[in-house]
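Accompanying notes for the structure given below.
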Amino acid sequence: MRITALETLCLSRMHEPERQWITAQYRTVKADCTIIQVRTDESLVGIGEASAYGGSSRIAEWVDWLAPTLVGKDALDPATAPHPNGRDRAHDTAVAGIDCALWDLRGKAEGKRVSELLGESPAASVPMYASSGCRYDWRDRPEQLIEEALGYVEEGFPAMKFRIGTHWEWDGVTVDRFLGLARELHQAVAGRMALALDGNCRLTMEEAMPIAKELDRLGFAWLEEPIPWRDIDGYAALAAAVGMPVTGGESFTTLEQFRPYIEKRAYDIVQPDAGICGLTELARIAEMAEHHGPGQSHLNL
Ligand SMILES: [Mg+2]
16 MRITALETLC LSRMHEPERQ WITAQYRTVK ADCTIIQVRT DESLVGIGEA
66 SAYGGSSRIA EWVDWLAPTL VGKDALDPAT APHPNGRDRA HDTAVAGIDC
116 ALWDLRGKAE GKRVSELLGE SPAASVPMYA SSGCRYDWRD RPEQLIEEAL
166 GYVEEGFPAM KFRIGTHWEW DGVTVDRFLG LARELHQAVA GRMALALDGN
216 CRLTMEEAMP IAKELDRLGF AWLEEPIPWR DIDGYAALAA AVGMPVTGGE
266 SFTTLEQFRP YIEKRAYDIV QPDAGICGLT ELARIAEMAE HHGPGQSHLN
316 L
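Heads up, the sequence shown is in my numbering, so the first residue is 16 and it goes up one at a time.
Right, here's the structure in full:
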């Protein structure tokens with residue numbers, strides 16, 4: 016089966032005002048989605064999603080750049096997939112989308128789910144969590160976080176992950192104030208839903224350590240990317256200090272970027288994103304994590 020063409024669909028949709036979400040730096044007013052299609056001479060089309068965090072228009076440019084090196088090649092040969100280089104995020108994200116589309120083609124050709132191609136006994140389902148808690152404003156009704164969480168309990172989510180809210184320095188937020196809200200949230204949810212925190216790499220080590228210890232005491236399911244990603248030793252210290260899993264790596268595109276975190280046990284759970292690094296690289300990362308200790312490559316809620 017030969018590749019005949021590659022196409023990138025750059026989709027975008029405005030969020031309704033109540034669905035916009037905020038981080039320390041910006042308000043997200045729209046959702047982007049970048050779909051890559053790999054066409055073949057046998058009428059099968061492979062479909063993969065490249066994370067829009069790579070930048071949709073730049074991903075499309077890289078797909079066009081890579082297309083002449085792929086057209087005419089065997090779509091089912093694993094050696095056909097291009098590799099991420101760990102240097103250019105848009106390039107690697109384009110590669111990830113192409114890689115996922117090639118896995119999709121392999122699945123279609125064999126009449127199997129991609130999960131069946133990746134492992135001998137894939138799970139029939141995976142637990143979902145509400146990835147949210149990114150609309151509360153420390154200056155104006157931070158308790159919106161709790162109201163939102165109770166909505167997810169109603170909807171039957173087994174877990175929710177929330178963020179640390181608007182800029183702490185501007186809004187006079189301290190570790191104590193944050194932990195006060197976290198305790199209120201924990202009490203309101205009352206064991207009906209697991210909780211996790213994503214720091215988006217925004218906390219200092221001095222802030223992260225007491226937060227990690229208190230969230231561990233409250234039984235949080237995991238603590239994601241609390242401190243700047245370069246601080247591998249800081250991650251290792253946090254992971255050693257608490258029983259709760261410390262996790263990260265969603266923006267890394269290669270095994271080499273994960274390697275020091277795995278070797279130093281800086282992450283209890285690795286979180287590669289197939290839309291950022293591709294399924295082929297993700298499987299390599301998972302294998303290395305598994306090799307270094309159980310519980311690093313999968314999550315049991
Ligand atoms: Mg995250």
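Backbone N, C-alpha and C define an ideal beta-carbon position, used for all residues, glycine too.
Rounded to whole angstroms, the gap between the alpha carbons of G249 and I242 is 8 Å. For K45, the uninterrupted beta strand (DSSP E) segment begins and ends at 45-55. Residue burial is scored here from C-beta neighbours: S27 has fewer than 16 other C-beta atoms within 10 angstroms and is therefore classed as exposed. Relative to ligand 1, the beta carbon of D213 is positioned inside 7 Å of a heavy atom.
When secondary structure is reduced to three states using DSSP, G61 falls in the strand class. Per DSSP, reduced to three states, the secondary structure at A209 is strand. Remark: the C-beta of E265 is in contact range of ligand 1, defined as less than 7 Å to any heavy atom. Not one heavy atom of ligand 1 falls within 7 Å of the beta-carbon of E163. A distance criterion of 7 Å places the beta-carbon of E305 beyond contact range of ligand 1, judged by its closest non-hydrogen atom. In the DSSP secondary-structure assignment, T295 is not bridged to any residue.
In this structure, the C-beta of E33 stays at least 7 Å away from each heavy atom of ligand 1. In the DSSP assignment, F193 is bridged to no other residue.
Listed in chain order, the alpha helix (DSSP H) elements of length 4 or more contained wholly in the stretch 124-169 are 129-133. The residue from L120, Y282, L212, L81 with its alpha-carbon nearest to that of G308 is Y282. Relative to N215, the option among R232, E169, A116, S147 whose CA is nearest is S147.
The three-state secondary structure of K279, taken from DSSP, is coil. If you check the CB distance, V285 and I291 do not come in under 8 Å.
Its Cα nearest to that of A20, the residue T55 stands out among Q35, G70, Y41, T55.
Inclusion of F172 and Y144 in the CB contact set at 8 Å is warranted, their separation being smaller than that value. Per DSSP, the continuous beta strand (DSSP E) segment holding W237 begins and ends at 237-239.
Rounded to whole angstroms, V60 and E221 show a C-alpha spacing of 51 Å. Here F172 carries a coil assignment [DSSP, helix/strand/coil]. Straight across, the Cα-Cα distance linking A109 with L85 is about 13 Å.
Rounded to the nearest angstrom, the Cβ distance from S66 to D288 is 6 Å, consistent with a contact under 8 Å. The Cβ neighbour count for A227, taken over all protein chains shown within 10 Å, is at least 16; the residue is labelled buried.
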